[in-house]
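Just so it is clear: in the sequence shown, position 119 is 118 by numbering that gives the first Met the number 0, and no numbers are missing.
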Amino acid sequence: MSTWNGIGTKYLGYGNRNRDGSHHATQWAVLFDMPVIPLRRHRLTVGSTVFKATGNGSRSVTQYTVHEETPLEGREIARTYLIWWLLGPLLAGGPAALLLWSVSDKQDGGFGFWAFVLGTSAAWVIGVLAAMSTYNRRRRGLPK
């Protein structure tokens, strides 16, 4: 699996760890790290991930050992779309949107106030995304 600036392929929808240490996961075509098209499902073992800085972005490469290809599962695909396209954005952007909505009628905020709102919103989004990723990896028994 490889992505370049969030464009490429990645595995999502990891199942619980099997007795042999493998997982079932679906390979997705991603755009800006958001799943777009499910490609195939594999039983695989996850290896290490290497992050490399490139000229104007970054590249991540994760090593996998694929044991077998399995049929795509409609439930898992629907759950991935729901989490990545609805629940994730609501959780990440919802508090910032509520904050902006609550102060939108106040005209005397000034630059400092809006810089604070923007900074807080960005920190919230990054923190939520990192927490969701860490939680999912720990829950599924995946390497860091």
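All C-beta atoms, glycine included, are put in the ideal place defined by N, C-alpha and C.
Everything numeric in this text was worked out from a predicted model, so none of it was measured.
* Cβ-based burial, Q26 [other Cβ within 10 Å; buried from 16] -> Walking along the sequence shown from the start, residue 26 turns up at place 27. Looking at its Cβ environment, which holds 16 or more other Cβ atoms inside 10 Å, Q26 is buried.
* Give a yes or no on contact between the segment 69-76 and the segment 27-45, applying the rule of three or more CB pairs nearer than 8 Å. => yes
* Runs of alpha helix (DSSP H) lying entirely within the segment 40-95, each at least 4 residues, in chain order -> 73-81
* Asked: Can the beta-carbon of W123 be found less than 7 Å from the beta-carbon of P94?
  -> In the sequence shown, counting from the first residue as 1, residue 123 sits at position 124. In the sequence shown, counting from the first residue as 1, residue 94 sits at position 95. It is a contact, given that the beta carbons lie within the stated cut-off.
* Asked: Looking at C-alpha atoms only, which residue of G126, T53, T61 and L38 is the closest neighbour of S47?
  -> Residue mapping note: residue 47 aligns to position 48 of the sequence shown, counting from 1. Measuring from the Cα of S47, the nearest candidate turns out to be T61.
* Would you call Y13 buried or exposed, if buried means 16 or more other Cβ atoms sit within 10 Å of its Cβ? -> As a position in the sequence shown, residue 13 is number 14, starting the count at 1. By the 10 Å Cβ count, Y13 comes out buried.
* Asked: What is the DSSP secondary structure of L11, reduced to helix, strand or coil?
  -> Counting from 1 along the sequence shown, the entry for residue 11 is found at position 12. Strand, per DSSP.
* Identify which residue in F115, W84, L85 and S132 has its Cα closest to the Cα of L99. => Looking up residue 99 in the sequence shown gives position 100. Of F115, W84, L85 and S132, the residue nearest in Cα terms is F115.
* When the Cα atoms are used, what is the spatial distance from E68 to S1? -> To locate residue 68, count along the sequence shown from 1; it is residue 69. To locate residue 1, count along the sequence shown from 1; it is residue 2. C-alpha separation (whole angstroms): 19 Å.
* Which same chain residues, not among the five before or five after R42, have their C-beta less than 7 Å away from its C-beta? -> Counting from one through the sequence shown, the residue named residue 42 turns up at place 43. Correct list, in chain order: S21, H23, H66, E67 and T69.
* Apart from the five residues on each side of it in sequence, which residues of its chain come closer than 6 Å, Cβ to Cβ, to N4? -> On the sequence shown, position 5 is the one that residue 4 refers to. Contacts found: G56.
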